[in-house]
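Working notes, structure below.
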Amino acid sequence: MKAKTSRKPFRLTKKAFSVLYILFLLLFVVVPLVLILVNAFLDNDKNLTLENFKVFFSSSSSLVVLANSLLVGVITTLLCLIIGYPVAYILSKMSSGKIIVLLYIIPMGVNFLIRTLATKAIFIAMGVELGMGTVIFGMVYNYLPFMILPLHTTLAGIDKSYAEAAQDLGADKATVFLKTTLPLSVSGILSGITMVFIPTISTYAISQLLSNGKIFLFGDSIQLSFEQGMYGVGSIMSIVMLIFVLVSNFVMNKFNRNGNAVRRSLW
Amino acid sequence: MMTKAPTDNIIELKNVYKTYDDKTVVKNASLTIKRGEFVTLLGPSGCGKTTTLRMIAGFEMPTSGQIIFDGKDITDMPPHLRQVNTVFQKYALFPHLNVFNNIAFGLKLKVVPNGTKTNRKGETVQLFRKYTKAEIKEKVDNALKMVDLEDYGHRNVSSLSGGQQQRVAIARALVNEPQVLLLDEPLGALDLKMRKDMQLELMDMHERLGITFIYVTHDQEEALTMSDKIVVMRLGEIQQIAAPEKIYDEPANAFVADFIGESTILSGVMLDDYKVEFCETVFECVDKGFKKNEPIDVIIRPEDLKILDADDKRSLISATVLSSVFKGDHYQVTLLAGGNELVAHDTASYDVNDAVGLYIKPFDLHIMHKTRIINEIDTYITGENLVEICGADFECVTTLPEGTPVRVSVDFDDVEITDDENDGTIGATVLSSIYKGSYYQAILSTDDHYNFFADTDYEWLKGDRVGINIAAEKIIIEPREENAEEQTKVVEDETLNEYDRAEEEELLETAMAEDTVAVKTDALSPVPSDEEVEL
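Chains as they are written, first to last, in this note's numbering: chain R, 180 to 446; chain Z, 503 to 1037.
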């Protein structure tokens, strides 16, 4: 143990730099969370109540919206994985892969609302009927880079001597992939899933815009509650959302730890 | 046709080349490996030894040439079908599998013959099956026992020490019962003591299993300790193939002598059979058959040089001590004799500036042809007192008109090396620099692949870029005849290959002397005569 004296003069240490960040975290993360939690137990006249919970959990429509959101999240994540893995795999084999990955990321610089509106305009111009299909398309389009990036980082980081060792031990190309590349990229798959699933279940606007308001997801209904001044119900919905995010994060971490020793990934 | 005798050669490399882009990393490698041999590919980094091993394993395809395994051509066979297994330099143990599953990896993929059956067409069909779980467990347990890791099956590979990981890697390769085990610098990452232990263990394993080991290393001591046969490589070319004793005692050229063990390499002149002059003294030797007054290289191993009292009658040459350094079991004594530095090993220490006498047995003087005695280039006069050498015009003194084909000769002494590439008339890369008692002999590769030999006072770093200058009056020019039809091609070939040919000749001599299959002679001779008879 270091014996510290109180007379120690002030020195610009790493600790001093952290003060600003801690203040920032308190102001913009902790305080809003506390406000949401408090709001959940207040009615419109600032009285303590449990009425908000009753309103949310007794209305079947809001639960359907929640289930819908989870379904859309799962479908989007699966599609991103199915499309993203081969892309990331091929790019990791190419010497210019890193540059092409950048091309996937550049459109992210454009605000997602603008992109989604543009997508909508294209669909309308093409005469495609807006609905579940177009919503899923918009989601996959928006979140695919979040899948490709961690997958590419993991796949490109796998030492090629593992594949050679597997070949040397008698594995043909398909077996090399199934027995070495795939298990070694599990951490990348999990990061990708986390990066896509968590934002998709809480997303809003994309569904509204690309379905002409026909499909209503959880994020949309939170927004609506606040718009209509139902702060209590909106807060409860936010908490439910937060719990889902925490649970999925927890599950992913658990998987990752059991999965393997390779924890190389971007996130 | 000749009937093929059952061969005891497990692997043959025939005129194998490997080129990346336009860089040749393995040049015309021909090599025969017998069943059960422990063969070491030895050479400095970048000599092509690992590439050669990877071609045998199947990870690299030769640009040209053949690889024969047990009489069958496997040049184009993918690695998973080859009956060889590799121990990788960094082990390459699968991090997602435990020790047991790492070792079982190959066994789980393997199929073994399982009787035959007759199909509907009446043909006999060979049936295969996979190993059962019990069989795999038994084999893995045996492999673990062999490498002394009985209780480590369930362990995660990342929790093992370097030495233990090495053993797992060896077990993983050997459990498949390969005919040939390839080892790519397997002990490189271990500390000295562990390395020594593993060397002995590997030798012991080789003895017990009776399979062929092909071992790649840059550590000459490791190679000398472990091998039945050493293949010394340099710049993609095989320099010598021989047993360790022979490599040490009779190095094929100055490079091998310099690379294998310590030695003093001196320039000398062969006065007559059994008579050699170096260090301004005439010595008796056991070599003959050299041209009279042929310049040669003399190699002296430090342990062969005996230090005597200055007035000892047996003394052949007097010397002064330059330094004496304690090396544990001996002193390394550097001596100056006849203007040259010599290194000797002695159990006694000497004071600096002591006058001593030196004795060496005639048998211990190793005399070798010089690779080259002068730089020669075929080129043209490009203007008044100008001659083209390796792509640039050099000033020279000549009366020959422009366009005359000439042969340019430059003595090793007259090649000036400049530190800055831009200070030289042409640029070059240092390929090697070998100390020869009183000077360094550097080999410089110019950008059009001609190798200049230069004698200099300084040691030049391998791989450095330098400039080359030659004083106008030092360029010896003589007109040459040339075949008008092929003129440009011949010239190009000669500049490109002069060094290659010189070394190839040496290589051939070694190979033939060694009784290894000298494939090159076959390749050079026309169609074998017995085939013609058959026709």
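All C-beta atoms in this analysis are idealised placements derived from N, C-alpha and C, irrespective of residue type, glycine included.
Proximal residues of chain Z, C-beta to C-beta of residue i below 8 angstroms
i: R/LEU334; result: By Cβ distance, chain Z contributes nothing, its closest Cβ being about 14 angstroms from R/LEU334, past 8 angstroms.
i: R/GLY367; result: The contacting residues do not exist; R/GLY367 stays about 13 angstroms from chain Z at best.
Within chain R, the residues that residue i reaches when beta carbons sit closer than 9 angstroms
i: Z/HIS656; result: The contacting residues do not exist; Z/HIS656 stays about 14 angstroms from chain R at best.
Presumed contact (8 angstroms Cβ cut-off) between residue i and residue j, rounded CB distance
i: Z/SER765; j: Z/ILE801; result: 5 angstroms
i: Z/ASP806; j: Z/ASP866; result: 4 angstroms
i: Z/GLN742; j: Z/VAL758; result: 5 angstroms
i: Z/SER935; j: Z/GLU961; result: 5 angstroms
i: R/CYS259; j: R/MET326; result: 4 angstroms
i: Z/LEU611; j: R/ALA342; result: Actually they are not in contact, since the Cβ atoms of Z/LEU611 and R/ALA342 sit about 14 angstroms apart, beyond 8 angstroms.
i: R/GLY263; j: R/LEU309; result: Rounded, the Cβ-Cβ distance is 25 angstroms, inconsistent with contact.
i: Z/PRO564; j: Z/LYS520; result: 6 angstroms
i: Z/ILE513; j: Z/VAL682; result: 6 angstroms
i: Z/LEU629; j: Z/GLY617; result: 5 angstroms
i: Z/VAL518; j: Z/MET557; result: 7 angstroms
i: Z/PRO981; j: Z/LEU888; result: Contact doesn't hold; Cβ gap of about 15 angstroms is too wide.
i: R/SER241; j: R/PHE232; result: With a Cβ gap of about 12 angstroms, R/SER241 and R/PHE232 do not count as contacting.
i: Z/ARG537; j: Z/ASP510; result: 5 angstroms
i: Z/VAL823; j: Z/LEU837; result: 6 angstroms
i: Z/ILE876; j: Z/ASP913; result: 6 angstroms
i: Z/LYS516; j: Z/GLY573; result: Not confirmed; about 13 angstroms, so no contact.
Amino acids of chain Z, ordered along the chain, whose beta-carbon sits closer than 7 angstroms to that of residue i
i: R/PRO362; result: HIS598
i: R/THR359; result: PHE596
i: R/GLU308; result: Under the 7 angstroms cutoff, chain Z gives no residues; its nearest Cβ is about 46 angstroms from R/GLU308.
i: R/TYR341; result: ALA594, PHE596
C-beta contact flag for residue i and residue j at 7 angstroms
i: Z/SER819; j: Z/LEU860; result: The residue you asked about is not Ser; residue 819 of chain Z is Ile in the sequence shown. It is a contact, given that the beta carbons lie within the stated cut-off.
i: R/LEU363; j: R/TYR268; result: no
i: Z/ASP751; j: Z/ILE869; result: no
i: Z/PRO581; j: Z/GLY550; result: no
i: Z/VAL649; j: Z/VAL601; result: no
i: R/ASN321; j: R/PHE291; result: yes
i: Z/PRO804; j: Z/VAL845; result: yes
i: Z/GLU782; j: Z/GLY840; result: yes
i: Z/GLY665; j: Z/MET696; result: yes
i: Z/PHE540; j: Z/PHE715; result: yes
i: R/THR295; j: R/ILE385; result: yes
i: R/ALA219; j: R/ILE422; result: no
i: Z/GLU843; j: Z/GLY939; result: yes
i: Z/ASP1053; j: Z/ASP915; result: Because chain Z is modelled from 503 through 1037, residue 1053 of chain Z falls outside the range shown and cannot be assessed.
i: Z/ALA645; j: Z/ALA673; result: yes
i: R/ASP347; j: Z/THR920; result: no
i: R/THR313; j: R/LEU389; result: yes
i: Z/ASP686; j: Z/THR552; result: yes
i: R/VAL355; j: R/ALA345; result: yes
i: R/ILE315; j: R/ILE254; result: yes
i: Z/GLY770; j: Z/VAL778; result: yes
Residues that residue i contacts on chain R, provided the C-beta gap is smaller than 7 angstroms
i: Z/HIS582; result: GLN346, GLY349, ALA350, ASP351
i: Z/THR588; result: ASP347
i: Z/GLY608; result: LEU348, GLY349
Chain-ordered neighbours of residue i on chain Z, where CB pairs are closer than 9 angstroms
i: R/THR295; result: Those within 9 angstroms of R/THR295 in chain Z number zero; the least Cβ separation is about 39 angstroms.
i: R/THR354; result: HIS582, LEU611
Any non-hydrogen atom of the ligand COA closer than 6 angstroms to residue i Cβ
i: Z/GLU640; result: Questions concerning the ligand COA fall outside what the structure shown contains, since it holds no ligand whatsoever.
(request) May I ask you to list, following chain order, the residues of the segment 401-413 of chain R that have a beta carbon less than 8 angstroms from some beta carbon of chain Z? (result) none
(message) Residues of the segment 623-657 of chain Z in Cβ contact with chain R at a cutoff of 7 angstroms, in chain order, please.
(response) none
(message) Below 8 angstroms, how does it come out for the segment 364-371 of chain R and the segment 208-226 of chain R: are there three or more Cβ pairs, yes or no?
(response) no
(message) So if I threshold CB-CB distances at 9 angstroms, which residues from the segment 271-287 of chain R count as touching chain Z?
(response) none
(request) Would you be able to state if there are at least three C-beta pairs under 8 angstroms between the segment 962-973 of chain Z and the segment 926-942 of chain Z? (result) yes
(message) So, does the segment 336-350 of chain R touch the segment 381-401 of chain R, judging by three or more C-beta pairs under 8 angstroms?
(response) no
(message) Check whether the segment 700-718 of chain Z and the segment 734-749 of chain Z touch, using three or more Cβ-Cβ pairs below 8 angstroms as the test.
(response) no
(request) Could you tell me whether the segment 881-895 of chain Z touches the segment 906-921 of chain Z, using the rule of 3 or more Cβ pairs below 8 angstroms? (result) yes
(message) Please list, in chain order, the residues of the segment 533-561 of chain Z that have any C-beta partner in chain R closer than 7 angstroms.
(response) ALA559, PHE561
(message) Please list, in chain order, the residues of the segment 677-688 of chain Z that have any C-beta partner in chain C closer than 8 angstroms.
(response) The structure shown contains no chain C; the protein chains it does contain are R and Z.
(request) Say whether the segment 423-435 of chain R touches the segment 270-288 of chain R, bearing in mind that this needs 3 or more beta-carbon pairs closer than 8 angstroms, one atom from each stretch. (result) no
(message) Under 7 angstroms, CB to CB, which of the residues in the segment 703-721 of chain Z have a partner in chain R?
(response) none
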